[in-house]
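Everything below concerns the one structure shown next.
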Amino acid sequence: MFYFLNKVLLLAIYGVALGSYAAPLPLSADVIHGVRIVAAVLLAAHLLEVVFCFRKVALHKGPLLDSVLLTLLFGFLHWKPMADAVRRAR
-1 MFYFLNKVLL LAIYGVALGS YAAPLPLSAD VIHGVRIVAA VLLAAHLLEV
49 VFCFRKVALH KGPLLDSVLL TLLFGFLHWK PMADAVRRAR
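The numbering used here puts the first residue of the sequence shown at -1, with every later residue one more than the last.
Spelled out as structure tokens, the structure:
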């Protein structure tokens, strides 16, 4: 449940950030600016995760590109459950 709720929160942040470019939102300019900064920082941090945790990102059973894109969106919320499952299986 922890992972699901946090993924929804991340999607909401990204959605508000992208939506603010497409249409005027009923939020102050400061709030919109803050959400855009948070979204950019999250994407940058997740990009670093792809680089430094690539072995864990590659544990995804599907295509590697899917796993990289999901890690860019969700960070450790994507690869951590897979890494934990592999560690438990040993």
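Heads up, the beta-carbon is just placed ideally off N, CA and C, and yes, glycines get one too.
Unbroken alpha helix (DSSP H) run spanning residue i, endpoints
i   : result
S65 : 62 to 72
R34 : 27 to 50
K5  : 0 to 20
Reference residue i, options the options, closest by Cα
i   : options           : result
L40 : T69, D82, F2, F0  : T69
E47 : A87, L23, F74     : F74
P79 : L67, D64, H58     : H58
D82 : K54, D64, V66     : K54
V84 : Y1, P61, A56, D64 : A56
Whole-number beta carbon distance between residue j and residue i, since they are thought to touch under 8 Å
i   : j   : result
L23 : V14 : 7 Å
Y12 : A37 : 6 Å
V33 : S18 : 7 Å
F72 : L16 : With a Cβ gap of about 16 Å, F72 and L16 do not count as contacting.
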